[in-house]
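Chains as they are written, first to last, in the working numbering: chain A, 32 to 356; chain B, 32 to 356.
In what follows, a single structure is set out as structure tokens and then discussed.
There are 2 protein chains.
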Amino acid sequence: MSAAELPRDWNPPTLDDVRAAAQRIEGRVHKTPVMSCADINSMTGSELIFKCENLQRIGAFKARGAMNAVWSLDEEEAARGVATHSSGNHGAALALAARSRDMASWVVVPDNAAAVKRESVRREGAAVVDCAPGMNNREAALARVVEETGAIVVHPYDDDRVIAGQGTAALELLNSCQDLSMILAPVGGGGLISGTAIAAKGLNPSIKVIACEPAAADDARRSFEQGQRLSMDAPDTIADGLRASLGRRNFRIICDLVDDVVTVSETGIMAATRLVWERMRIVIEPSAAVPVAALLEEQVPGSSGVRIGVILTGGNVDLDALRWS
Amino acid sequence: MSAAELPRDWNPPTLDDVRAAAQRIEGRVHKTPVMSCADINSMTGSELIFKCENLQRIGAFKARGAMNAVWSLDEEEAARGVATHSSGNHGAALALAARSRDMASWVVVPDNAAAVKRESVRREGAAVVDCAPGMNNREAALARVVEETGAIVVHPYDDDRVIAGQGTAALELLNSCQDLSMILAPVGGGGLISGTAIAAKGLNPSIKVIACEPAAADDARRSFEQGQRLSMDAPDTIADGLRASLGRRNFRIICDLVDDVVTVSETGIMAATRLVWERMRIVIEPSAAVPVAALLEEQVPGSSGVRIGVILTGGNVDLDALRWS
């Protein structure tokens with residue numbers, strides 16, 4: 032998981048890569064349902080089509096990218112197993128993907144990770160490797176795992192296979208619903224939004240792709256505006272899936288294909304989370320509510336009266352820790 | 032809403048009535064999705080097919096019965112509007128149904144009803160009539176509404192049209208999934224379980240139909256065992272949708288068609304509620320978790336290794352009031 036700059040000859044994944052990913056993961060992940068909600072439509076003044084990745088395997092879109100990465104390995108690589116560090120959904124996703132190919136997996140989990148997420152990684156069958164919190168400790172622990180096991184590292188977002196895999200959610204959404212004017216997804220490290228932009232712009236160059244971010248973790252917005260990749264150390268947001276800073280590949284794709292990056296308040300995120308639980312009766316994590324919050328807070332120009340796809344990214348919540356007020 | 036005995040010549044609704052209800056309400060309520068969950072299957076040792084009525088309009092199966100009742104009225108009756116008393120989902124369901132036919136509706140709501148349910152009745156367009164808590168006060172307030180308005184009363188469960196309407200959930204489930212050995216639903220007043228039994232036994236006499244009830248509100252179990260309809264005053268259970276006592280029609284149908292009534296603990300209900308939220312990422316109310324709790328607590332003989340339909344009845348929860356521990 033290196034921070035080195037990208038090779039000069041790197042080319043981003045294309046719509047064809049997303050389509051190949053969709054074929055590769057077919058039957059191994061869910062084709063998640065789309066839902067709508069009349070109440071939320073009338074509150075936002077838009078017609079929203081929700082792609083329910085909270086109902087995906089392991090409860091998050093991350094299953095797509097990890098599955099594509101694991102099934103892209105050749106036999107020699109697969110025999111070595113896969114490894115990553117993760118305090119969230121990517122660890123469980125990689126464990127699930129490895130298990131689907133009868134491979135070993137190692138996931139480095141920092142001591143301060145939520146108990147529910149650690150348990151989920153273990154339940155999916157990974158060897159959990161504990162480490163002290165902090166990116167340096169995580170990288171060091173992962174390097175030791177790789178040295179000892181020879182496992183292939185699968186980065187949670189700065190990886191072409193992962194980006195193409197995450198793009199399959201938008202591909203499915205747009206194939207099932209062809210008249211969307213706009214598509215919204217949250218941005219953290221940028222795996223989902225970059226795959227989404229590749230799929231959406233590839234299918235329809237005129238569709239608007241909007242990245243949505245907590246104002247308290249606005250590295251993507253600032254990076255997008257200033258044209259250089261900025262990072263942020265431990266941003267304080269309830270949207271725990273969006274605390275990572277943009278990856279190198281992800282930043283490049285966002286600059287090329289994303290139309291705008293908008294930000295929302297923490298109270299807006301919690302209000303939108305609650306609204307979806309109460310009116311749609313589905314569990315989403317706060318990170319997933321960020322695009323809904325952006326619409327409710329009127330942060331998305333041109334959203335009024337049009338049909339908009341919204342990717343609800345995940346539903347893994349620590350119910351004991353959640354506080355509504 | 033009279034407690035008088037049933038007329039001697041009363042005949043319960045039949046499978047044909049459920050089928051007619053399904054036609055009548057088609058396009059006016061959702062065909063709700065079915066879901067499964069590998070984790071819960073392995074915990075219960077059964078293959079469970081969940082019928083997600085929490086994703087129904089107004090967030091509960093009650094939309095079905097109310098819609099069938101309202102669209103069964105002739106023009107003269109419809110012009111008078113409809114009325115009921117309700118502290119829960121039936122009020123919102125009746126308001127929704129009345130609105131779908133451009134009819135007036137009045138719902139008597141006791142002062143101690145949850146704010147979220149009162150608000151939902153109002154949002155669906157009913158005139159909310161406040162009253163003091165207690166069945167006598169509710170009946171008296173409803174009688175005044177009827178006297179003043181001439182509205183037709185639609186009882187929440189002791190009504191043939193409502194029973195046939197509620198049966199459409201099982202009809203859909205069994206039509207989409209034909210190899211179920213057993214079907215489980217909660218029992219409160221008995222509208223859902225009686226309609227479910229009519230549909231299920233009508234389609235397949237060998238299927239087992241099991242009613243599930245909080246042990247703290249076990250009037251249905253005791254009534255079923257003793258062969259006489261017993262009532263219970265204000266039972267203390269978290270499953271607020273199941274506090275009503277069996278209706279007259281419902282009791283007769285249950286005695287004829289239901290195979291068993293099983294009961295579960297309050298801690299089992301909360302554990303099952305939480306399990307569904309966490310593993311299926313959908314919001315269900317505690318009443319809906321009662322059949323899941325019955326399976327987890329091994330209260331359902333013959334459930335091991337077989338395919339079982341479970342009706343998840345509703346998802347209207349007061350998030351501020353919910354406590355997990």
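No residue lacks a Cβ here, since even glycine has one placed at the ideal position from N, Cα and C.
Chain A residues whose Cβ lies nearer than 7 Å to that of residue i
| i | result |
| --- | --- |
| Ile313 (chain B) | Arg312, Ile313, Val314 |
| Pro64 (chain B) | Pro64 |
CB of residue i within 9 Å of CB of residue j, strictly
| i | j | result |
| --- | --- | --- |
| Leu223 (chain A) | Ile342 (chain A) | yes |
| Ile183 (chain A) | Gly122 (chain A) | no |
| Asp290 (chain A) | Ile241 (chain A) | yes |
| Asn281 (chain B) | Gly196 (chain B) | no |
| Ala216 (chain A) | Ala248 (chain A) | no |
| Leu127 (chain B) | Thr115 (chain B) | no |
| Val101 (chain A) | Ala109 (chain A) | yes |
| Arg31 (chain B) | Arg260 (chain B) | Nothing can be reported for residue 31 (chain B): it is not among the residues displayed for chain B, which extend from 32 to 356. |
| Ala97 (chain B) | Val193 (chain B) | yes |
| Val293 (chain A) | Val331 (chain A) | yes |
| Ala201 (chain A) | Ala231 (chain A) | yes |
| Asn99 (chain B) | Ala135 (chain B) | no |
| Pro43 (chain A) | Ile284 (chain A) | yes |
| Ser118 (chain B) | Ala144 (chain B) | yes |
| Ser225 (chain B) | Tyr188 (chain B) | yes |
| Cys208 (chain B) | Phe255 (chain B) | no |
| Lys82 (chain B) | Asn120 (chain B) | no |
Beta-bridge pairing of residue i - partner residues as DSSP gives them
| i | result |
| --- | --- |
| Ser136 (chain A) | A:Val113 |
| Asp161 (chain B) | B:Val140 |
| Ile80 (chain B) | B:Gly340 |
| Gly345 (chain A) | A:Ala91 |
| Asp291 (chain B) | B:Ile241 |
| Leu215 (chain A) | A:Ile241, A:Val341 |
| Glu57 (chain A) | A:Val60 |
| Ile183 (chain A) | A:Val113 |
| Met66 (chain A) | A:Phe81 |
| Ile71 (chain B) | In the DSSP output, where bridge partners are listed per residue, Ile71 (chain B) has none listed. |
| Ile313 (chain A) | B:Ile313 |
Contacting residues, own chain, Cβ-Cβ under 6 Å from residue i (five flanking each side not counted)
| i | result |
| --- | --- |
| Arg175 (chain A) | none |
| Ser33 (chain B) | For Ser33 (chain B), the predicted structure reports a pLDDT of 47, less than 50, and the residue's modelled location is therefore unreliable. A value from the coordinates is still provided. Answer for Ser33 (chain B): no residue qualifies. |
| Arg55 (chain A) | Asn99, Trp102 |
| Val139 (chain A) | His116, Val160, Cys162, Arg169, Ala172, Leu173 |
| Glu36 (chain B) | none |
| Arg59 (chain A) | Met98, Ser131 |
| Ser276 (chain A) | Asp250, Ser262, Met263 |
| Leu234 (chain A) | Leu205 |
Same chain, Cβ closer than 8 Å to residue i, five either side skipped, listed in chain order
| i | result |
| --- | --- |
| Glu329 (chain A) | none |
| Thr227 (chain B) | Gln197, Gly198, Ala200, Ala201, Ile214, Ala216, Val240, Ile342 |
| Ala265 (chain A) | Arg274 |
| Gly5 (chain A) | Past the boundaries of the shown model lies residue 5 (chain A); chain A is included only from 32 to 356, so the question cannot be answered. |
Cutoff 7 Å; reference residue i; Cβ partners in own chain excluding five residues on either side
| i | result |
| --- | --- |
| Leu326 (chain B) | Thr75, Ser77, Ser334 |
| Pro245 (chain A) | Thr268, Ala270, Leu273, Thr294, Val295, Glu297, Ile300, Val321 |
| Glu84 (chain A) | Thr63, Ala91, Phe92, Ala200, Ile342, Leu343, Thr344, Gly345 |
| Leu350 (chain A) | none |
| Ser212 (chain A) | Ile238, Lys239, Val337, Arg338, Ile339 |
| Val348 (chain A) | Val314, Glu316 |
| Leu288 (chain A) | Ala228, Ile229, Lys232, Val240 |
Chain-ordered neighbours of residue i on chain B, where CB pairs are closer than 7 Å
| i | result |
| --- | --- |
| Gly90 (chain A) | Arg312 |
| Trp308 (chain A) | Val314, Leu350 |
Beta-carbon neighbours of residue i, restricted to chain B and to distances below 9 Å
| i | result |
| --- | --- |
| Arg305 (chain A) | Leu350 |
Within chain A, partners of residue i - CB distance below 8 Å
| i | result |
| --- | --- |
| Gly346 (chain B) | Arg312 |
Neighbour list for residue i in chain A, Cβ cutoff strictly below 9 Å
| i | result |
| --- | --- |
| Asn72 (chain B) | By Cβ distance, chain A contributes nothing, its closest Cβ being about 14 Å from Asn72 (chain B), past 9 Å. |
Closer than 7 Å at the beta carbon, the chain C residues around residue i
| i | result |
| --- | --- |
| Asn85 (chain A) | Any reference to chain C falls outside this structure, whose protein chains are A and B. |
_Below 8 Å, how does it come out for the region 61–81 of chain A and the region 145–163 of chain A: are there three or more Cβ pairs, yes or no?_
no
*May I ask you to verify whether the region 298–307 of chain B touches the region 329–340 of chain A, counting CB pairs closer than 8 Å and requiring at least 3?*
no
*asked:* For the region 311–322 of chain B against the region 48–58 of chain B, do three or more pairs of beta-carbon atoms, one drawn from each stretch, fall closer than 8 Å, so that the two count as touching?
replied: no
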